[in-house]
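Protein chains in written order, with the working numbering: chain A, 1 to 233; chain B, 234 to 466; chain C, 467 to 699; chain D, 700 to 932; chain E, 933 to 1165; chain F, 1166 to 1398.
For every residue, glycine included, the Cβ atom is placed at its ideal position computed from N, Cα and C.
Each remark here refers to the structure printed beneath this line.
There are 6 protein chains.
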Amino acid sequence: VTAFRLGLLNPNTSVEDTDAMVALARAALPGDTEVHGLTAQAGHMAIEGEFEHVDAAVQVLALMRAHQDLDGYLIACFDDPGVHAARELTTAPVVGIGHAAYISASLVGRRFAVITTLRRGVAALEDGLLAHGLRERCAGVLALERGVREQSGDDAVQRIVDVGAHAIDELGADVLVLACGAMAAAAAAVSARLSVPVCDGVAFGALTAHALWLAGLSTSKRNAYRSPEGAAL
Amino acid sequence: VTAFRLGLLNPNTSVEDTDAMVALARAALPGDTEVHGLTAQAGHMAIEGEFEHVDAAVQVLALMRAHQDLDGYLIACFDDPGVHAARELTTAPVVGIGHAAYISASLVGRRFAVITTLRRGVAALEDGLLAHGLRERCAGVLALERGVREQSGDDAVQRIVDVGAHAIDELGADVLVLACGAMAAAAAAVSARLSVPVCDGVAFGALTAHALWLAGLSTSKRNAYRSPEGAAL
Amino acid sequence: VTAFRLGLLNPNTSVEDTDAMVALARAALPGDTEVHGLTAQAGHMAIEGEFEHVDAAVQVLALMRAHQDLDGYLIACFDDPGVHAARELTTAPVVGIGHAAYISASLVGRRFAVITTLRRGVAALEDGLLAHGLRERCAGVLALERGVREQSGDDAVQRIVDVGAHAIDELGADVLVLACGAMAAAAAAVSARLSVPVCDGVAFGALTAHALWLAGLSTSKRNAYRSPEGAAL
Amino acid sequence: VTAFRLGLLNPNTSVEDTDAMVALARAALPGDTEVHGLTAQAGHMAIEGEFEHVDAAVQVLALMRAHQDLDGYLIACFDDPGVHAARELTTAPVVGIGHAAYISASLVGRRFAVITTLRRGVAALEDGLLAHGLRERCAGVLALERGVREQSGDDAVQRIVDVGAHAIDELGADVLVLACGAMAAAAAAVSARLSVPVCDGVAFGALTAHALWLAGLSTSKRNAYRSPEGAAL
Amino acid sequence: VTAFRLGLLNPNTSVEDTDAMVALARAALPGDTEVHGLTAQAGHMAIEGEFEHVDAAVQVLALMRAHQDLDGYLIACFDDPGVHAARELTTAPVVGIGHAAYISASLVGRRFAVITTLRRGVAALEDGLLAHGLRERCAGVLALERGVREQSGDDAVQRIVDVGAHAIDELGADVLVLACGAMAAAAAAVSARLSVPVCDGVAFGALTAHALWLAGLSTSKRNAYRSPEGAAL
Amino acid sequence: VTAFRLGLLNPNTSVEDTDAMVALARAALPGDTEVHGLTAQAGHMAIEGEFEHVDAAVQVLALMRAHQDLDGYLIACFDDPGVHAARELTTAPVVGIGHAAYISASLVGRRFAVITTLRRGVAALEDGLLAHGLRERCAGVLALERGVREQSGDDAVQRIVDVGAHAIDELGADVLVLACGAMAAAAAAVSARLSVPVCDGVAFGALTAHALWLAGLSTSKRNAYRSPEGAAL
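Encoded structure:
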């Protein structure tokens, strides 16, 4: 019996971020699975806007093509860069942490709020929710007005707690979604402080890729995700 | 360490159906988990329309209240009867096989077709897709015009294959969703014949409930799914 | 000439509630019609969440089956429990007071606000509006944070007036919808205080069932509302 | 006690059409009500496109301003010309036969098909359904490819029956909506032939205006339908 | 070579408004084009609600029919009165300033706010956005609570700046849309003060009609915009 | 006075394609403007799926950064790769030919059909229409089942004419949109054969970028399109 081998694709260049997300995935997955943390060889230290998003998609595809033999892939950046293209390149299941976070939030609550770093990213998140058909499930997308590299420390937790409490008490959210890999470390503390589920998509995304593999569901090669000519993984 | 114990709630009265679905869930879940197959003590042999759906929801809640100590619940009927009410009764994750089937289909393809038994059920399925925000992802809801109790045998597989081929070739579906627990047995054969993923929601739904549990995500008790007074599980 | 006989189906167990709603219906209907107030024989004193909603749907169907010969039915609980199933059981028109309230609000104003009892019910009401296609017509769903059994007295009217004034002045509502049968008694006073139409669905719903009957429109038996086998009323 | 007096506003210039629609309304309304049939003094013999629709709206407002003392108004043309403007001019309820037909169809079935005269009118009807939030309830808008003035005789009924049978058997409609006042005469025959409810909006619209009046619901004068300065009826 | 001749159709009776809008169009169009400013011969001095909108549509069609030989038409009133009917009457391109303003806003920003005169007009603007499919692009429709004839002077600019700053800082708008021809004069000042693009639709709408003409795109005469019988321009 | 200088960014590597599109743009723009045709230095000869789309976005940004001083940019590939990121990099207006084609189609008709090369691209186009809010304006997305490099010759025109005639006669389209730069050469012939406007977005897109520039509308730098740190053009 072969064990499940997951490629966790971090499209930014921070090995530290990769390691932190690998730790979350490993802690959630069963012991007989492997998590291969793969870090972008070029690009940006943080993905904050659409400009970095374009490069992030390229890095995702490069990492996939360099590691073709894995059983599932997790795109470990909240805006799921290149997810449709990635699915054209493989029959293995491909999951993005943003989509995974939204799926989990929609299963443990009826309304969720999304907490992001900077206001400039709000419209892109709203458009993503619309594309997933989840706009009406979202009670609000709220910005902390702190960048990706300012998401550590007690102070960072407190800021998320303040914004989250507003989302729950005033906007009717049942669940919080943290729209940035760098916030994932704060999830447990925020959840404990506010008594709501807090979804970051890393652990649940890894489990979802595993679940698709266990259920025998591979990426369809008919119609939309057909392999591009000459580019199959 | 406690193993995960799943309550698979079959709201129809057929123990045979329960057993078949338990087998699918058990085959997909890791060996150290438990699947408790629970069959409705009253109600209908098959859930075909809204009339039976009302009773099915009552059966789901009765089964949950009689088995309060489980770690997760799978509502094993495609229209997810009573799923919102069930979430009011517990902090454990609650997943419906219909929602699970749609989630898996949206991860391995870009467009799916839904195959159901009778035409009278098409509008309810369409309305469910709308509520999940997935109406635009669906290439069509197609009826076999065969009842729940006529879904076994080679003949049944052939009919699904014919309808599925139309969905793929003419309507652009990448994936098929089988909207009836009784069709789940045909999934593997249909997938092999048409070379597309076929989603029934039983195995993937069980894995999803497990994944939520592993990720530490329990049903929110703030706002929408607050426990009803005097009725907590 | 036979007079129109309406079954007003109250799915909670309060005869007092039934009597109050029958009085509203009778006051609005012409003198030659009959209103049969029917109270649930089991279930809950108040329907506040999804848990009670499941039982309410069962009560609606039980009352209908026990009174099969009526000319029209009004489901007298705002979330219209079991309305699709009820239509499978009869050719007589079936109207829910929630749907009726929204229809009337959409005819006498361009934007309405919905006022409900508890915040936990807001998401379910929003989802109901989405299902009716009226989400964009709604300026807001606002909770009084008072339970169904705290909706009487001058104090109750004042709280609705305060929330309603906010909806009109800040959110742009032209009309108010009271999303709870127990608030119906306050409708006239609130309307007089705020100079806007206030819709509760009881009187207008009874009139709508009558209007369908007068126009010769019975529930369709082709496709979606086909009678379930062996269960026709 | 004053009886209800309805203004039935026919924005085309055909007195014959007005008389036919008045007869339908009178047959449905209780005996103690009055129906004032009002025919446009200028404009077009038939409203087939957007060009005629513009003039129709003007005629509706002219008829209302010339008959200010009535208790309710029915705009007797399927695209409800001028309905929002008409509501600015009065506190009496104003109902359009198109909106009324859709409301009745949504109460007696789960999916309806709309049958219209010419293909050029299909897009405007689809846009109207979208504005009412009922696009997803509609199984299709189908054109007979016969003009407004070719809608009489057995032949006309047969053509509607043919198109309607297709809508029911192939598209899943439970109910038919006839999107043209001139087809209203065929409604009963079509309904009998196909065993489905057929909604034209004339009788049900008259009853709806009456129902709003009986329920004490007048057009809101706060926000959207505030009276235009110097133009109040 | 014939130069492009634009008909700028002002459906209110203010020649001053026509002149101001002609000046804006002329300043933006190339020197070899002609702008024919056409003012309604009857109707209202200002179009503030649905009542005036009905008459405005009639005026638009009357002006078009009196000037049939032009190469393009601009309907110079923000709610684009009669735009669909106008397209039935001609093969020349017809653009409304409201639609044009929204198009330009959607090209230079990701979220826009709409600023209008009176609260009573907000719902109609929201419904228009819905019809254009742009509801989700709009961060809010905000009323100044000043009438069309109170939109001049420094004071007027300051009020727009205050409301606009709120839209940008609190609602996340990137761009402002001024929903009233009379505000167009303030656009440049508001844009300078707030450092955002401000779209009024007059200049860009004139350029859009010209662009369609240059690209050889005339109004389709197949299906929806077929000429009405006996009414072709 | 400086003339307008447009950067036409072709993200595929075919100089022939660039030249053909530059010729279309130049023919439509006034004589005193400049069109700078810029061809991707790396990437793919044709953009057919999501895989190539990722690289195309990178090429668009690279071309923009290498030509920072232009007055407007046209992304000359139908799926508008990198359009949001491109807007973060400049204050000049940025237009995509896909968006431009849809805008023009929505101005000269009420329903359009989209004609594309391969079926695998249909879902991505549908999702793009949804993101633009134009899903309901589209009568259908139809595939020719011929690749980008098989779009020349009489035969190619005939295939588009056949599919287009079906869209007009059976699906109710008023206008055709050609969703592939390589089809643009066929537009005039198809339009002449079918008597409908045919929109390809190249000429109209160039004119739209020019129109925004003439109207003084630059890309907003508040909120969503704020410049990425250290990456401004």
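- The count of Cβ pairs closer than 8 Å, one atom from the stretch 1072-1087 of chain E and one from the stretch 1106-1122 of chain E, reaches three, so the stretches are in contact.
- In the DSSP assignment, the residues bridged to Cys665 of chain C are C:Val643.
- Comparing C-alpha distances from Ser1383 of chain F to each of F:Ala1352, F:Thr1282, F:Glu1213 and F:Thr1255 shows the shortest one belongs to F:Thr1255.
- Proximity of Glu602 of chain C to chain E, defined by a Cβ-Cβ separation below 8 Å, is satisfied.
- The C-beta of Phe777 of chain D comes no closer than 8 Å to any C-beta of chain E.
- Taking 8 Å as the CB threshold, Leu70 of chain A stays off the interface with chain E.
- For Ala567 of chain C, the closest of C:Lys687, C:Cys543 and C:Val526 by C-alpha to C-alpha distance is C:Cys543.
- Nearest C-alpha to Ala3 of chain A among A:Asn12, A:Ala187, A:Leu29 and A:Ala23: A:Leu29.
- In this structure, DSSP gives His743 of chain D a state outside helix and strand, which the three-state scheme calls coil.
- For Leu242 of chain B, the beta-bridge partners assigned by DSSP are B:Leu271 and B:Ile308.
- Across the structure, Arg120 of chain A and Ala1270 of chain F are spaced so that their CA atoms are roughly 31 Å apart.
- Among the residues facing chain E, Ala830 of chain D is included, as its CB has a counterpart in that chain under 8 Å away.
- Bounds of the beta strand (DSSP E) holding Ala842 of chain D are Cys837 to Ala842.
- As far as DSSP is concerned, Val148 of chain A takes part in no beta bridge.
- Taken in chain order, the members of the stretch 791-820 of chain D whose beta-carbon sits within less than 7 Å of a beta-carbon on chain C are Pro792, Val794, Ile802, Ser803, Leu806, Val807, Gly808, Arg809 and Arg810.
- In the three-state DSSP reduction, Ala1278 of chain F falls in the strand class (E or B).
- Distance from Gly509 of chain C to Thr484 of chain C at the Cβ level is roughly 13 Å; contact not present, criterion being Cβ atoms closer than 8 Å.
- With a cut-off of 8 Å on Cβ pairs, the stretch 623-637 of chain C is not in contact with the stretch 165-180 of chain A, counting fewer than three such pairs.
- Between Val1073 of chain E and Leu1050 of chain E a beta carbon distance of about 12 Å is seen, past the 8 Å cut, so the two are scored as non-contacting.
- Residues of the stretch 1320-1346 of chain F with a C-beta atom less than 7 Å from some C-beta of chain D are Gly1337, listed in chain order.
- In the structure shown, the three-state DSSP call for Gly1263 of chain F is helix.
- Using a Cβ distance threshold of 8 Å, Gly538 of chain C and Leu678 of chain C count as a contacting pair.
- In this structure, Arg455 of chain B sits near Ile168 of chain A, with a CB-CB distance shorter than 8 Å.
- For Thr1140 of chain E, the three-state secondary structure derived from DSSP is helix.
- Val60 of chain A and Leu1226 of chain F have their alpha carbons spaced roughly 18 Å apart.
- Residues of chain D whose Cβ lies closer than 9 Å to the Cβ of Pro943 of chain E do not exist; the shortest such Cβ separation is about 11 Å.
- Using a CB distance below 9 Å, the part of the stretch 1217-1230 of chain F facing chain A consists of Glu1217, His1218, Val1219, Asp1220, Ala1222, Val1223, Val1225 and Leu1226, ordered along the chain.
- DSSP, read as helix, strand or coil, puts Gly748 of chain D in coil.
- At a cut-off of 8 Å between beta carbons, Ala838 of chain D makes no contact with chain F.
- If the five residues before and after Val889 of chain D are omitted, its C-beta is found closer than 8 Å to the C-beta atoms of Val856, Ile859, Val860, Gly863, Leu875, Leu877 and Val897, all from its own chain and listed in chain order.
- Taking every protein chain shown into account, the CB of Ala66 of chain A has fewer than 16 other CB atoms within 10 angstroms, so this residue is exposed.
- By the Cβ neighbour-count rule, Glu285 of chain B is buried, with 16 or more other Cβ atoms within 10 Å of its own.
- Judged by their CB atoms, Ala988 of chain E and Pro1013 of chain E are nearer to each other than the 8 Å cut-off.
- If you check each beta-carbon in the stretch 1377-1394 of chain F against every beta-carbon of chain E, the ones closer than 8 Å belong to Leu1377, Leu1379, Ala1380, Gly1381, Leu1382, Ser1383, Thr1384, Ser1385, Lys1386, Arg1387, Asn1388, Ala1389 and Tyr1390.
- A residue is called buried once 16 or more other Cβ atoms fall within 10 Å of its Cβ, and Gly599 of chain C is buried on that count.
- Distances from the CA of Glu602 of chain C to each of C:Gln507, C:Asp620 and C:Arg577 were compared; the closest alpha carbon is that of C:Arg577.
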